[in-house]
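Residue numbers (my numbering), protein chains in the order written: chain B, 158 to 538; chain H, 41 to 332; chain F, 5 to 320; chain Y, 20 to 258. Virtual Cβ for every residue (Gly too), placed ideally from N, Cα, C. Written out below as structure tokens is the structure these notes cover.
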Amino acid sequence: MTHHHSSIARRHFIAFVAATVAAITPQAYAQSNAPIKIGAILDQSGPVAPLGQFTRAGIDMALKEVNAAGGVRGRQIELVSLNSESKPDLAASLAVRLSGDADVMAIIGGNFASSSNSIGATVEKQAIAYITPTALLNDAQAKWKYSYFTLAEFSDMAKQILVYAQKKGYKKAGLIRVEREYGEQGSKFLHQFAAQYGVTLVAEERGADGDRDFTAQLTKIRQANPDFLVVWFANPGGSLVLKNARQLGMTQPMMAPISMDGSVTIKLAGQAAEGVVITSQIAGSEPLPRQKAFIDAYAKAHPDAPEPNSFEAVGYDLVKMTVEALKKVDPPYTRAKVRDAINALDYQGAGTVVKYKNRNGPSEETLVMIQASKGHFVLAK
Amino acid sequence: MDLSAALQFVFSGITIGAFYAFVALGVSIVFSSSGIVNFAQGQFVMLGGMVAATLAANAHWPVPVAMLCGVVAAAAGGAVMARLFVLPMLRAGEFPLILVTLGLGVLIEALAVVFWGTDPQMLDSLLKIEPLRVMGATLSSDSITILCVLAIALIAFTQFLRRTRWGRAMRATAIDRDVAASLGINVRAVIVLSFTMAAAFGGLAGALLTPIISTGAQSGFQMTLKAITAAVLGGVASPIGAVAGGLLLGMIEAMSSGYVSSTYQNVIASVVLIVLLFLRPRGLFTALTRQA
Amino acid sequence: MNSYRKAGWLLPVVAIILPLFIGGLPSALNLAILVGIYFTVCIGLTLIFGIGGQLSLAPAAFYGLGAYTSALLSTRLGVPVLLGFVAAGVLCGVIGWLLARPLLRLRAVYLAIATLAFGDILNTLIRANSEITGGSSGIVNLPSPALGSFEFNTPLRYYFLVWAIALFALWIGNNIVKSRIGIGLRGLAESEIGAASCGIDVARYKAWMFTIGAILPGVAGGLLVHYLGFISPDSFTTQFSILIVMILAVGGRDSLLGALTGAILVTVLPIMLASYEKYSPVIFAVLFLGSVMFMPKGLAGAAMAAMSKWRRSRND
Amino acid sequence: MLSINNLSAGYGDVQVLFDVSLTVNPGQCVALLGPNGAGKTTLLRTVCGFIRPLRGKIELFGKSIGGHPVHRVVGTGVAQVMQGRQVLGPMSVRDNLLLGAHVTMAREGAEGVRKLLGEIYELFPILLERENAFAASLSGGEQQMLAIGRALMSRPKAILLDEPSMGLAPRIVEHIGHVLRRIKETGITMLLVEQNPELAFALADRCSVIESGHIVLEGATEELRSHGRVAELYLGQAG
């Protein structure tokens, strides 16, 4: 009887394999009025998946808007979205796969430094324009000709935190940071610039995002008695740091970079999130004029959680920027023309402000300082 | 360094350790009755936490009821896993069984991500008691709750093993499957029971831990690895050893973070683990706890 | 045995003429390069898992160690990349040899956890020493390997470099499988006591297989990062080790044909499934579970069985 | 009560038993004799359910049990004493005995089991003395008594014994023979696999001789005792 059962199961399994293969086989497409393709490489599973899914949500919103408005010169925009699973080398292969499809005019995506690094290195060889929701990290990347960044640089975030500290008269900083590239970059720039703003780093501790308790690290920081605490983390680890600090009776003001942006910090840290200052690219409940349209549309689409975070806003911008570039290109579209149009972009969007003629990263205005207040994020005072 | 800090490091170690211990207990229950290392154990912790958090946050069920549902959901998952995937592979050997549990872990996580997305979920504390403050060191109320429940669970489980018909059957199955069968014990039922109980303990851990760290659909695998490490450290074949291993691992991490460097806390924990494995390849506490 | 020998001739011929067909397709050439790299990793691991029957979760560690060795030597000290590959292999081999004896005293899950811990240590050391290693952010613009003035800087040239090394690894692997050591290793997988009673020095053979299982991923790691031009610790995580174990199980963990099948799967499957976006891990998990439950010898084993069945039916 | 008809069985591709037939009547003891590797243990393990029969029928109390899982065979009232005194070493003597009552516990409850335990201790006073010791710390003879006592804890209608005398000193074999006779007197049916003909002949009403998977001789003990072939094989007398 069990044998019979397993043979049915085996048959189902083989049918499943066949269906999977059939679905992947490329379909024929019509050339004339065919949609314009944009490739997307997003980390939709693995540790970076939360960022990938935020970006995807923003991309979807923008796509719907653009296509409802008739696309670009009557041609719809089609997204070829691929999951890079938080694996940098897979991301590189997917970039090669997308550049092998002659109809793909540009690539967006890559949700953390490692994947945007490997996609960037690939598109430079394949000569296809690439806009990423990550930050420019180093001089080598600043020289790239096809890769464009939309997230504020870590040096700018560090400076902004230090400016805020100087304004408030805080002198001694305690830093607790995640053992990943963004924590490492944050630490590097805080150390580099602290003295310029009259701030000294009196303690630095590290942790992993999946750790279950940070009171040991925080106790050591508390002993150095800092004026304020910088939590260079992402969720859920960062929210736990906030909670642990309050639980230990640390009353210092706390500041965090964009990786802690979003209502999820308030959901996870609860009372402990109150007052935390974050370097963000959007303030959900107090939008700047350039952000108004996006936030209204977002609130309509998500009535129960109407405040988008920076990553959703930047995802939205990725599509809008590409479309703006496409609109400036005279058909027929070629990758070279699209790349030049992107290079000429002067764009003020929901989540980012760029002038790529000068440099392939966003300008400083991109950053907004926000603060958690009664369960919402408002502009920091 | 002063006493208050030292005490806080101990509390930190206990909090982390209780977490590892709880998950490791589930690993040990399955291993000690079937010899299978369940690489999907962390997923039951995740399931318990996610179900409880979803019911409490979205459906506004009372926290204890939501937690109970989390435990039941995890237990049901364990039973289904054992019946549909483990029993048919029982004769295939150790390597394929590990691969099956690994694959199930991947599958459960992938489905959870599709169902819940990747946002971490939060849950209110079960007991709203005051945190314990001793000489400037603080142990949160959630940690106290977990420690108490862990102690109760461990005592209940060892008593179950010692005193009940099915508990004895589990121990016999662990020692020799064929002899157990020859005594009229339904070995397959024992294995399903052990997976169910382990999953229930995992679900309970998940429900109780969510108020502290929150739970995300992708949190399971990392917990599995920590739990197996803890269990191996203490002795995977003994529940008491596994719990002791979990507490020890948490303590090593907190102490190295406190007294050496938070950068190298994992390195230190890993080095200790490797050295202990070289010295005692079967785990630290196995000899002490063979009876239970 | 016969089919092995045939495959031993067939594969180099296919490898040489394949670029004639796919040389113009960047994706196909990219796939072929990655298959070559993963094939080298999988040959090493087939010796450990399949033939030696040991569950080691160290592949990512050696893969990363080799990658960082050649990346750092070339960027920090200006050592030629090809020499860097040799250094990667030597370093991984030495560390593999030193670790082998104490590690291989451990059985099953104990070995898995100890090798996992070894990988964790390496990963943390890389992340923590950012002045040397570039830390979590990694290093970009790694140079291409060169032989004199001939640079392997196009995909086609890199393809031949990768497959030359992969086929050399295959030759080594094949010789080991057929040699006294290989027969000894198979004895190990069957029964350790049995092997010992046949006069096989169990500890020495285990150490051998572990060492070669460290060298090959080490060299492959170097090949990978100089191909991508970029290195970061995110490519060498526990997840990678586990992925390799899973893929080898699907391909067939006890033959070199299985290693090739596994290498093709590990390269092609994620790229194919990527269009399913967040469903791709679900599909991967179902495919994996299905093959473990219904094809205990992997795809390679199932294919061999089907072929011998077909031959038998033709002969009848 | 136990009847085996034309049973064939083996491991994988290797067939060990060929058309074996055997009947044990209620209250009787049948001994199965044969040299090493003849298929005695395979036969017992097939009856118990460890091995799936290739062909043939096994009936217990008129019900077919061929291919049933082991625990269900035990549930029908057949206890097993496996080869090599398979006591559970890391557990106490008392726990070993209580495990024997796994089936009884469901039927008779804790009270019934306690009474039963008393009866076993009466039969084997040494087990009461060593009640809390690890089973592994017992001597060979004590372990064999524990194995037999544990089998009785299931209140069996029949017992299958696989070489209870193996590796034991003659004095202890004699003692075990004595105990087994007492058990038989209580009306429990027995199938005894033995290489020690003295023990077998002392207990069995009928004997079967198995060689290379075939039953080659079958008959009442008295008849067989004087049979030349048996004498040659087991009693060391040149025929």
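By the Cβ neighbour-count rule, Lys477 (chain B) is buried, with 16 or more other Cβ atoms within 10 Å of its own. With a threshold of 16 other beta carbon atoms within 10 Å, Gly137 (chain Y) falls short and is exposed. The DSSP assignment places complete alpha helix (DSSP H) segments of no fewer than 4 residues inside the region 270 to 330 of chain B at 270 to 283, 296 to 299 and 311 to 325, in order along the chain. Less than 8 Å divides the Cβ of Ala529 (chain B) from the Cβ of Gly432 (chain B). Rounded to whole angstroms, the gap between the alpha carbons of Gly152 (chain F) and Leu303 (chain F) is 42 Å. In the structure shown, the three-state DSSP call for Glu338 (chain B) is helix. Residues of the region 253 to 286 of chain H that bring their beta carbon within less than 8 Å of a beta carbon in chain B comprise Ile253, Ser254, Gly256, Gln258, Ser259 and Gln262, in sequence order. Taking a C-beta cut-off of 8 Å against chain F, none of the residues of the region 308 to 323 of chain B qualify.
For Ala50 (chain Y), the enclosing beta strand (DSSP E) starts and ends at Cys48 to Leu52. As DSSP reads the structure, Val434 (chain B) sits in a beta bridge with B:Met412 and B:Gln528. About 14 Å separates the Cβ atoms of Leu319 (chain B) and Val359 (chain B), ruling out a contact at the 8 Å cut-off. Excluding the 5 residues flanking it on each side, Gln448 (chain B) has same chain C-beta neighbours closer than 6 Å at Ile439 and Ala507, in chain order. Per DSSP, the continuous alpha helix (DSSP H) segment holding Phe241 (chain H) begins and ends at Val227 to Ile253.
The Cβ of Asp216 (chain H) sits no closer than 8 Å to any Cβ of chain B. Straight through space, the alpha carbons of Thr55 (chain H) and Met407 (chain B) are spaced by roughly 19 Å.
Boundaries of the alpha helix (DSSP H) harbouring Thr265 (chain F): Leu260 to Leu277, taken from the DSSP string. Residues are counted here when their Cβ sits less than 9 Å from a Cβ of chain Y; for the region 219 to 240 of chain H these are Val219, Ala220, Ala221, Ser222, Leu223, Gly224, Ile225, Asn226, Val227, Arg228 and Ala229, given in chain order. Chain order gives no chain H residues near Ala297 (chain B), where near means a beta carbon separation below 7 Å; the closest approach is about 26 Å. Judged by their CB atoms, Ala373 (chain B) and Glu336 (chain B) are not nearer to each other than the 8 Å cut-off. From the beta-carbon of Gly364 (chain B), the residues of chain H found nearer than 7 Å are Ser302.
The Cβ of Asp32 (chain Y) sits no closer than 8 Å to any Cβ of chain H. Taking 8 Å as the threshold, the shortest C-beta distance from Ala470 (chain B) to chain H does not fall below it.
In the displayed model, Trp314 (chain F) falls within a helix according to three-state DSSP. According to DSSP, residue pairing for Pro519 (chain B) in a beta bridge involves B:Val511. Residues of the region 76 to 106 of chain Y that bring their beta carbon within less than 9 Å of a beta carbon in chain H comprise Pro88, Val89, His90, Arg91, Val92, Val93, Gly94, Ala98, Gln99, Val100, Met101, Gln105 and Val106, in sequence order.
For Lys194 (chain B), DSSP records a beta bridge to B:Glu235 and B:Val261.
Taken in chain order, the complete alpha helix (DSSP H) segments of 4 or more residues contained in the region 430 to 482 of chain B are 449 to 458. Within the region 179 to 197 of chain H, the residues whose Cβ lies closer than 7 Å to some Cβ of chain B are Ser180, listed in chain order. Within the region 502 to 517 of chain B, contact with chain H at the beta-carbon level (separation under 7 Å) is assigned to no residue.
When DSSP states are grouped into helix, strand and coil, Thr212 (chain B) belongs to the helix group. If you draw a straight line from the Cα of Gln409 (chain B) to the Cα of Pro383 (chain B), it comes to about 8 Å.
Nearest CB-CB separation between Gly257 (chain B) and chain F: below the 8 Å threshold.
In this structure, Leu475 (chain B) lies near Ile265 (chain B), with their beta-carbon atoms less than 8 Å apart. When beta bridges are read from the DSSP output, Ser22 (chain Y) appears opposite Y:Thr42 and Y:Glu78. Check the Cα spacing between Pro128 (chain H) and each of F:Asp124, F:Phe298 and F:Asn145: the tightest is with F:Phe298. Contacts with chain H (Cβ-Cβ distance below 8 Å) from the region 124 to 151 of chain F involve Asp124, Ile125, Thr128, Leu129 and Ala132, listed in chain order.
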